[in-house]
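Visitor: One structure is given below, represented as structure tokens, and several questions about it will come after.
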Amino acid sequence: MTARPLPSTLDARADSPLGERLRVGFITHLDQHDDLSRIYRDNIRLVQGLEALGYDSAWIATRHFFSGWAALPSPYAFLGAAAVSTSHIALGTAVLPVVLDDAVRVAEDLAVIDHLSQGRLLAGLGKGVPSDSFHVFEAYSPDRDGTFEAKLDTLSWGLHGNAVEGGSASIWPPAPALEGRQFAGSSNIESIRAAARRGIGLILERFGNGPERTPEARAGFQKRQADSVAEYRRVFAETWGDSRTPYVITSRSAFPGPTTDAALAEAAETASRWNSFAAQIGRVDASRSVAEQFLSDNFAWGDPRALADDLLADPTVALTDELVLGIHPVTASIDDTLEKARILLEDVVPLVEEGWREARSDVRAPAQAVSS
């Protein structure tokens, strides 16, 4: 599998390569160990390994305060290093919490990285995992939704290198093509509709929130996401017609093993730290079995066929242009992570893509509106 030129929401539908095949990415949370002197360099090696395997994209979880043991609060330095250490894999942020940043500075930093990578940046943008400590940031506002929209406006203005009103300068360097590689990360249906009206892409989280975090609610969470994608595509088509192309990225955890039982046993051992932490903060019910705790996190495991079947049972996958896989919340070495990534790409993805192609004919059909 070799990477191809990046699709863009700026492309007209007739000219877009979206839909020709399922693009596949891999995500790292930089949570393999706690040695900060090595973790960033180790994950550069991971990105290089993903490129060698043939992944289309490598995605970097960006979270403040070491949330979920994600060790990267700001992606810019890391992405710069990854850009000069690779040649063709796309580099994505999942997701950059722009509500806490100066949007002009974000435009400058993203533009530099996009030029440094020769147009390989995929900018996943969001509001950040909620925290009671965000007020420490000078740009913080409790109006997360309104702030997000305002930041996206300023970011778009900056990426186009516009002149500063009341001054003599213009934003530099411009990177207008990056607007077609922006993705709003949100579960809020109004934010999703707004992304469609803006003509930017959509990136979906891998797990639900609150009452959706039970095994029984997993299918309902997946159905909600599928409905959100259908609504995004409906509003996008209503706004842009055939002049631009919608772009949907979905993130999912998938842990492969030689058998389904072996995969569960290995995952249970390597995710014990996470499940204990998740139970302490109320994300999972510790009285449930390990398998049920995993399902609460929308975490799939199994042999390649079982994993593919699980992913294809998710209605969101058929509506997705790029599927980003990862093995979080398990803790594994970089070498073990690369081996799991290889199995996913070589043994699981072909089975998923076969089913994805069969279901793909319905993607461009008119979608029904969903309620708020």
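No gaps in the numbering here: position 49 of the sequence shown is 49 in the UniProt record's numbering, and each next residue is one more. Each residue gets a CB set at the ideal place from its N, CA and C atoms; glycine is no exception. Keep in mind that this is a model prediction, so the values were computed, not measured.
Write down every uninterrupted run of the alpha helix (DSSP H) in the stretch 235-318 whose length is 4 residues or greater and which is fully enclosed by it, in chain order.
Guide: As far as the stretch 235-318 is concerned, its whole alpha helix (DSSP H) runs of at least 4 residues are 260-270, 272-280, 290-296, 304-313 and 315-318.
Visitor: Which term fits W356, buried or exposed, when burial requires 16 or more other beta carbons within 10 angstroms of its beta carbon?
Guide: Buried.
Visitor: How is the alpha helix (DSSP H) around V112 delimited, first residue to last?
Guide: Unbroken alpha helix (DSSP H) run through V112: A103 to L116.
Visitor: Using C-beta distances below 7 Å, list every residue in its chain close to R305, excluding the 5 sequence neighbours before and after it, in chain order.
Guide: Answer for R305: L351, listed in chain order.
Visitor: Could you pull the DSSP bridge partners for W59 from this structure?
Guide: Partner(s): I27 and G92.
Visitor: Does the distance from the C-beta atom of K127 to that of R105 stay below 7 Å?
Guide: Against a cut-off of 7 Å, the Cβ pair of R105 and K127 comes out as no contact.
Visitor: A184 by DSSP, collapsed to three states: which one?
Guide: It is a strand residue.
Visitor: Compare the Cα-Cα distances from D31 to each of R233, D321, L72 and R13 and report the closest residue.
Guide: With distances taken between Cα atoms, D31 lies closest to L72.
Visitor: Provide the residue(s) that pair with E322 in DSSP beta bridges, ordered along the chain.
Guide: The partner list for E322 (beta bridge, DSSP) reads R23 and I249.
Visitor: Just tell me which of A359, A278, S272 and A268 has its CA closest to the CA of L311.
Guide: Answer by Cα proximity: A359.
Visitor: Can you tell me whether E205 is buried or exposed? The criterion is at least 16 other CB atoms within 10 Å of its CB, across all chains shown.
Guide: E205 is buried by the Cβ-count criterion.
Visitor: Can you have a look at K151 and say buried or exposed, based on whether 16 or more other CB atoms are within 10 angstroms of its CB?
Guide: Buried, because 16 or more other Cβ atoms sit within 10 Å of the Cβ of K151.
Visitor: Suppose contacts are defined by Cβ-Cβ distances below 7 Å. Is G158 in contact with A107 by that definition?
Guide: Their beta carbons are under 7 Å apart, which means G158 touches A107 by this criterion.
Visitor: Which full runs of the alpha helix (DSSP H) of 4+ residues lie inside the stretch 141-209, going along the chain?
Guide: You should have 144-159 and 189-198.
Visitor: With a threshold of 7 Å on Cβ separation, who are the neighbours of L46 within its own chain once the five nearest residues in sequence on each side are excluded?
Guide: Excluding positions up to five away in sequence, the list reads T28, I334, T337 and L338.
Visitor: Around the Cβ of P211, are there at least 16 other Cβ atoms within 10 angstroms (buried) or fewer (exposed)?
Guide: With fewer than 16 Cβ atoms within 10 Å of its Cβ, P211 is classed as exposed.
Visitor: Three or more beta-carbon pairs under 8 Å between the stretch 185-199 and the stretch 159-175, yes or no?
Guide: No, because fewer than three Cβ pairs between the stretch 185-199 and the stretch 159-175 fall closer than 8 Å, the two stretches do not touch.
Visitor: Could you tell me if S8 is buried or exposed, where buried requires 16 or more neighbouring beta carbons within 10 angstroms of its beta carbon?
Guide: Result: buried.
Visitor: Quick one: Cα of K340 to Cα of I203, how far?
Guide: Using only the alpha carbons, I get a separation of about 23 Å.
Visitor: Assess contact between the stretch 277-288 and the stretch 306-325, defined as three or more Cβ pairs (one per stretch) separated by less than 8 Å. Is contact present?
Guide: No, the stretch 277-288 does not touch the stretch 306-325.
Visitor: Note down the Cα distance separating D60 from L91, rounded to an integer number of angstroms.
Guide: In the sequence as displayed, the identity of residue 60 is Ile instead of Asp. Approximately 8 Å between the Cα atoms of the pair.
Visitor: Can you tell me where the alpha helix (DSSP H) holding A70 begins and where it ends?
Guide: Run containing A70: none; DSSP gives neither H nor E here.
Visitor: Flag this pair as touching only if the stretch 50-68 and the stretch 81-97 have three or more C-beta atom pairs under 8 Å; answer yes or no.
Guide: At 8 Å Cβ cutoff, the stretches touch.
Visitor: For R197, tell me which candidate among A82, T245 and Q225 has the shortest Cα-Cα distance.
Guide: The candidate whose alpha carbon is nearest that of R197 is T245.
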